[in-house]
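Inspection log for the structure reproduced underneath, given as structure tokens.
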Amino acid sequence: MSGNKPVLLLAGDSRLCEFDSFKYEHFCFRYVIKRGAVIEDLVNETLSILREYKGTDRSIIVKIACGINEFTKFEHHKEGKDLRLKSDVSSRTVFNRLKSLKEKIKTELPTAVVGFITVPTLSFINYRNFLRLNPRSYKRSGRETRSASDNELQADQAKLDKELTVLNADIKLENSRKQSGLLKGCYTISWHNSISKVSIRKRRSGSRKVVRNNFADLHDGLHPKNSLKRRWHKQLVKCATSELDLIRQYNLKTTKVTVTQ
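Everything in the sequence shown is counted per this note's numbering, starting at 2 for the first residue and increasing by one.
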């Protein structure tokens, strides 16, 4: 632990790989990064790190960047494997898992400020094409099932984008709720906006949301290029710095109340 710097703990999946190479002197950065992680995989190590700060007066900010792997699975076939959408997982299920992690963190360290980062989408087709260029990843499995067609992957894409639109809206709402350690809710870091834009298309029969994706900044259809990682990291630091001001305001107000009493 370095001095009395505020602690910024970032927990998530392989999209965070190499984040620990970025330096920022005003925070003590801690990381829980697990390749292929689902939310439950982050629990034990995250809580273990937070226990180190029990009984201290350090400001603790926790950001959770996880969720995409809850929706996906690898489907093996005679040519190799494809990343596919799970049929039995909804945005509500994933959101409840995120909330459960938040509750465990707040139970372990009530003064920690916990926020979720929105979940960017992925490209099933681009990731399939990337795997085909990598013989180690796309080796033949010996199974007789066939590879998914473009139409099947496009159907997965549409369903995933719909679920993520709902999940990210729920994340923003949850972040806005008041929590211990703050006078109000925390800020939302919207990484999904780097990939997806949602617009409203109006028709005579009504209106509907349309998601438009630009996967240019994902080097394999799933993981961010270094330039996007740096932008995401800057967003993270900017948000955490603003939340430090909120924590100080909270501490100042609670101190005044205690003295007055």
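C-beta atoms are modelled at their ideal positions from N, C-alpha and C, and glycine is treated no differently.
Report all residues from its chain with a CB closer than 6 Å to the CB of Ser177; omit the five preceding and five following residues, and keep chain order. The count along the sequence shown starts at 1 and reaches residue 177 at position 176. The residues are Gly186.
How about Lys60 and Pro111: do their beta carbons lie closer than 8 Å? Here residue 60 is taken as the residue at index 59 of the sequence shown, counted from 1. Here residue 111 is taken as the residue at index 110 of the sequence shown, counted from 1. The displayed chain sequence assigns Ser, not Lys, to residue 60. Contact flag unset, no.
Given Phe23, which residues of its chain have a CB within under 6 Å of its CB, disregarding the five upstream and five downstream residues? Mapped onto the sequence shown, residue 23 falls at position 22. Only His234 meet the Cβ criterion.
Among all the DSSP beta bridges, which residues are the ones paired with Ser197? The sequence position of residue 197 within the sequence shown is 196, counting from 1. The partner list for Ser197 (beta bridge, DSSP) reads Asn214.
At 4 residues or longer, and completely inside the region 40–100: list those alpha helix (DSSP H) runs for me, N to C. For the region 40–100, whole alpha helix (DSSP H) runs of length 4 or above, ordered along the chain, are 44–52 and 69–72.
Going by DSSP, what residue range makes up the alpha helix (DSSP H) through Leu123? Here residue 123 corresponds to residue number 122 of the sequence shown, with the count starting at 1. Neither: Leu123 is in no alpha helix (DSSP H) and is coded neither H nor E.
Is DSSP giving His27 helix, strand or coil here? Position 26 of the sequence shown, counted from the start, is the residue given in the question as residue 27. Note: His27 maps to coil in three-state DSSP.
Let's test the definition: count the other Cβ atoms within 10 Å of the Cβ of Leu84 and tell me whether it reaches 16, buried, or not, exposed. Position 83 of the sequence shown holds residue 84. With 16 or more Cβ atoms within 10 Å of its Cβ, Leu84 is classed as buried.
Would you tell me roughly how many angstroms separate the C-alpha atoms of Ser88 and Phe75, rounded to the nearest one? Your numbering for residue 88 matches position 87 in the sequence shown. Your numbering for residue 75 matches position 74 in the sequence shown. About 13 Å.
In its own chain, which residues sit with a C-beta less than 7 Å from the C-beta of Glu46, not counting the 5 before and 5 after it? Against the sequence shown, residue 46 aligns to sequence position 45. Taken in chain order, the residues that qualify are Val33.
Separation of Tyr251 from Thr259, as counted between CA atoms: As a first step, residue 259 is located in the sequence shown; it is residue number 258 there, counting from the start. As a first step, residue 251 is located in the sequence shown; it is residue number 250 there, counting from the start. At Thr259 the pLDDT is 48, less than 50, meaning the model places this residue with poor confidence and gives no usable figure here.
Just reading off the alpha helix (DSSP H) that Leu161 is part of, what are its end residues? Reading the sequence shown from its first residue, position 160 is the one you call residue 161. Where Leu161 is concerned, the enclosing alpha helix (DSSP H) stretches over Asp151 to Ser177.
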